[in-house]
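Trainee: Please see the structure below; I have some questions.
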Amino acid sequence: MTTLDHADAARTGARPGPPGAVAAAPKGRKGTGRRLSVRSRWELALLLTPALVLFVLFVLVSIAAAVYYSFFDWNGFGPPTKLVGFANYTKALADPMFQGAVRHNLQFAALSVVVQLPLTLGLALLLNGRLRGRAVLRLIAFTPYVLSEAITAVAWLVMLQPGGAVDQGLRGVGLDGLVHEWLADQHLVLYTLFVVATWKYIGFGVILLLAGLQGVPAELREAAALDGATQWQTTRKVVLPLLGPTIRIWIFLSVIGSLQLFELVWIMTLGGPAGSSATMATYVIDRGFRRYQFGYGSAVAVLLFAVCFVFALLYQRFALRRDTAGALSGRVD
Amino acid sequence: MSIRRRTYGALVMAASLALVTACGSGGSTGSDAAGGATTWWHNGTQDPLKSVWERAAAAYEKAHPGAKLDVVPIQNEQFPTKVPLALQSDNPPGVYFNQGGGLLATQAASGRVADITDRTKSWIKDLGAAAQGWASDGKQYGVPYASHVVGFWYRKDLFAKAGITKAPATMDELKSAVTALKAAGTVPIALGGKDRWPDAFYYNYFAVRECSVETLKSSVAKAKFTDQCFTRAGQDVIDLIALKPFQPGFNGTPAQQGTGSSAGMVAAGQAAMELQGDWNPGVMQGLTSDPSYKAELGWFPFPSIAGAAGDPSVALGGGDGFSCTTKQADACVDLLKYLTSAEVQTDLISSGAATIPVNPAAEAAIKDPVVKEVFSYNSKASYVQVYFDVALPTAAGQALNDAVANLFAGQGDAGSVARAVNSAG
């Protein structure tokens, strides 16, 4: 019902504050007994129903079904009959392959925040400045994001083969020593995939941050300049704090994306060699659809869901609370 | 208030129902529009196979007035995900592609795959031993249209350059060929390790050479690899890898995708050999614009191992075929009979869509001398062991492929593949 409250609040003028500012929370609104008019009820029903039905059918029902199947030893043919309780869960948690998959997801998420974020931020600040050919540069940064993940994966798979375009490029500029077995080396493959993912998603982050940068008032920069602040000081003390909400949303999307990483890995390495690039999602598909262990696969899928869900809740509670106050949580305590 | 709430709720309900029923009726009109057609799922998404099936469907419809086929080509990789869902649904295809073996037996347990034993009794014998792969517990659950056999494809020019005068017949000869090719600066063997199943061919063939036919049969039937010969096969794989006969980075190389794939390397003359199925020349054809490799391509069977229990004339292979769902079993069997007729089988061979027909009547269509060699090895084989990943129950088969791939990545020991099979279940 929070959505209803919000719609109500918006209509009656009690708008939540701009991101980053402490919202003017419509306190004490609940329980005043104000009702929606018949007309707005119809509107709401009409607008919400299709999305709600799809959400229930394809999200809630699917999750419930996965939870149900996860308690069975089931090969996917015929109705599930062999109830095994939590055996699938304990088996997954004890499987070194699954533990490795979780570790790879976490590594990917950590790398995103530690490496991708500064890169994205730097690029966004650069592309926000007055620069010759800025539009073209922005376009170039954004282009990879437009490609589908599958196409990206196939293209990089071909380029990263031994003696492929990447190796030839390195040799061409005399960097023979940097040539590696990009996708075949178990210690390197995850980082290779991370570079490809960065190449693909950096444009999205840049666009997000550029949008955030538009929200930084020019007056503040001018004021800082008048006070004698250097470029670096302005960025550090004025721009970055105001970009906070955007950066926190970027981290959220990036971590969730890292936890659900699939296509890139599946197409480029199938999770190999020897499971060294497996993720939770590739593990689900491998056990479910390749080995026909649908009960077990469902259990792993539920675990993946739980990890994402818990992260989303905690992040919402501790990091995004201020940014989304009013929009999602209804009020700020 | 409460009345309004109810109206609101009712509206939501009505709208949801409308949406659900809309989906439902949409679905059923879809199948009605096909007018009782038999849906045929095959994996011929590319020529030449695609055209062969198109011609066959047209000819079949012409010869059977009233019969209607709804031909749906589906990418090979999609079958593992599509088939289980289809077999759960109310609207499965009438005819669907599969490779027989343990997976088909698993699917048959759903009760949705038609037992066509009686319907095929009069003619299935003509197809010989190949049809065995589509039988389980004495019941026929499908019909093959082509057989496959695995062996070494090699470049005669690169062998000559390295001073190798005859194709290796024993493992020792293969090993000295590897040494000679390395000395000549050639990658001896290309391997598509990314896809894992090409790795498994090595373990499979070593097991076939190390184990007696009786051991193979009983171990596959029980899905338990307890005999010592399976551990020896693991050691054979480790010994071969220790020679470093493969291209650099072979664990990341795809088997059939792109010019950098293992098949592409042999086609381009960047590697001298590849252990692959009879379909490999067809794959190479799509990976290079220079057809000169064709004249240089030769074939030899997997070498024998001195003193091992396995019969050197046992082959590793499998096949492609179709199964029927219970929904339209009669129409399906009728089509399958036509697909194994001399007419369609000859078209499969002469178009290059298949190399080993299941109907001996099509043998005359084989013109290529190398393919003839492959065909004759297959037909003279004392026993054909179906690839383990297909022959075993799916979970055990995939566990085997993964464990072998781990061996190629330097993880595991001689017994780890057998242990993976024994603990899958």
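For the protein sequence lines, the chains are A and B, in the order given. Counting in this note's numbering, the first sequence runs from 3 upward without gaps. Counting in this note's numbering, the second sequence runs from 2 upward without gaps. The C-beta atom is built at its ideal place from N, Cα and C for all residues, glycine as well.
#1: How about TYR142 of chain B and LEU105 of chain B: are their beta carbons less than 7 Å apart?
#2: For the segment 185–227 of chain B, which segments carrying the beta strand (DSSP E) assignment without a break, of at least 3 residues, lie completely within its bounds, in sequence order?
#3: Are the C-beta atoms of GLU45 of chain A and some chain B residue less than 7 Å apart?
#4: Identify, in the order they occur along the chain, each residue of the same chain with its Cβ nearer than 6 Å to the Cβ of ALA168 of chain B, setting aside the five sequence neighbours on each side.
#5: Roughly how many whole angstroms lie between the Cα atoms of ASP169 of chain A and LYS373 of chain B?
#6: Taking Cβ-Cβ distances below 8 Å as the criterion, which residues of the segment 241–259 of chain B are in contact with chain A?
#7: From B:PHE98, B:VAL188, B:TYR206, B:ASP200, pick the residue whose C-alpha is nearest to that of ASN402 of chain B; which is it?
#8: Measuring CB to CB, does ALA103 of chain A end up less than 7 Å from TYR285 of chain A?
#9: Could you check whether the Cβ of GLY174 of chain A sits closer than 7 Å to any Cβ belonging to chain B?
#10: Checking contacts by CB at 7 Å: is ASN407 of chain B closer than that to chain A?
#11: Provide the residue(s) that pair with PRO358 of chain B in DSSP beta bridges, ordered along the chain.
#12: Listing by chain order, which chain D residues have their CB less than 9 Å from the CB of LEU192 of chain B?
#13: PRO81 of chain A: which of A:SER260, A:ALA67, A:PRO164, A:GLY171 sits nearest, CA to CA?
#14: Short check: CB of ALA256 of chain B to CB of ASP196 of chain B, under 7 Å?
#15: Per DSSP, what kind of secondary structure is ARG156 of chain B in: helix, strand or coil?
#16: Starting from the C-beta of THR171 of chain B, find all residues in its chain whose C-beta is less than 8 Å away, skip the five residues before and the five after it, and write them out in chain order.
#17: To the nearest angstrom, how far is it from the Cα of LYS122 of chain B to the Cα of ALA362 of chain B?
#18: What separation, rounded to the nearest whole angstrom, lies between the Cα atoms of ASP228 of chain B and SER380 of chain B?
#19: Within the continuous alpha helix (DSSP H) that includes SER260 of chain A, where are the two ends?
#20: At 7 Å on the CB atoms, spell out the chain B contacts of PHE79 of chain A, in chain order.
#21: Could you check if ARG319 of chain A is buried or exposed, using at least 16 other CB atoms within 10 Å of its CB as the buried criterion?
#22: So VAL144 of chain B packs on THR341 of chain B, CB below 8 Å; how close in whole Å?
#23: How many angstroms separate the CA atom of VAL267 of chain B from the CA atom of VAL309 of chain A?
#24: Against ALA283 of chain A, what residues of chain B qualify as contacts under a CB-to-CB distance less than 8 Å, listed in chain order?
#25: Inspect the CB distances between the segment 234–251 of chain B and the segment 176–187 of chain A and report whether three or more fall short of 8 Å.
#26: Using only alpha-carbon positions, find the residue among B:LYS83, B:PHE80, B:VAL214, B:ALA38 that is nearest to VAL72 of chain B.
#27: Are the segment 272–280 of chain B and the segment 46–63 of chain B touching, with three or more C-beta to C-beta distances below 8 Å?
#28: Chain A partners of LYS195 of chain B, CB-CB under 9 Å?
#29: On the three-state DSSP scale, how would you describe LEU317 of chain B?
#30: Taking DSSP as the reference, what is the three-state secondary structure of TYR97 of chain B?
#31: Can you give me the Cβ contacts of TRP76 of chain A inside the same chain, cut-off strictly under 6 Å, excluding the 5 residues immediately before and after it?
#32: If you follow the alpha helix (DSSP H) that TYR298 of chain A is in, where does it begin and where does it stop?
#33: Measure the alpha-carbon distance for GLY194 of chain B versus SER263 of chain B and round it to whole angstroms.
#34: Taking the alpha helix (DSSP H) that PRO146 of chain A belongs to, which residues open and close that run?
#35: Would you mind telling me which residues of chain B sit closer than 7 Å to GLN170 of chain A, beta carbon to beta carbon, in chain order?
#36: Does any C-beta atom of chain A lie closer than 7 Å to the C-beta of PRO189 of chain B?
Mentor: Taking the geometry as given:
#1: In contact: TYR142 of chain B and LEU105 of chain B (Cβ atoms closer than 7 Å).
#2: Those beta strand (DSSP E) runs which fall completely within the segment 185–227 of chain B and span 3+ residues are 188–190.
#3: No, no contact with chain B.
#4: PHE301
#5: 40 Å
#6: Contact annotation: in the segment 241–259 of chain B, residues whose CB is within less than 8 Å of a CB in chain A are GLN248, PRO249, GLY250, PHE251, ASN252, GLY253, THR254, PRO255, GLN258, GLY259.
#7: B:ASP200
#8: Between ALA103 of chain A and TYR285 of chain A, the gap from beta carbon to beta carbon is short of 7 Å.
#9: no
#10: So, interface residue.
#11: B:ALA147
#12: Here chain D cannot be found, since the structure's protein chains are A and B.
#13: A:ALA67
#14: yes
#15: strand
#16: PRO304, SER305, ILE306, ALA307
#17: 19 Å
#18: It is roughly 28 Å from the alpha-carbon of ASP228 of chain B to the alpha-carbon of SER380 of chain B.
#19: 242–261
#20: PRO85, LEU88, THR107, GLN108, ALA110, SER111
#21: With fewer than 16 other Cβ atoms from the protein chains shown falling within 10 Å of its own Cβ, ARG319 of chain A counts as exposed.
#22: 6 Å
#23: 45 Å
#24: Under the 8 Å cutoff, chain B gives no residues; its nearest Cβ is about 14 Å from ALA283 of chain A.
#25: yes
#26: B:ALA38
#27: no
#28: LEU159, LEU185, ALA186, MET270, THR271, LEU272, GLY274, PRO275
#29: strand
#30: Three-state DSSP puts TYR97 of chain B in a strand.
#31: PRO82, PHE296, GLY297
#32: Counting along the chain, the alpha helix (DSSP H) containing TYR298 of chain A begins and ends at 296–320.
#33: Linking GLY194 of chain B to SER263 of chain B through their CA atoms gives a straight-line distance of about 9 Å.
#34: 136–148
#35: Neighbours of GLN170 of chain A on chain B: none; closest Cβ ~12 Å, over 7 Å.
#36: no
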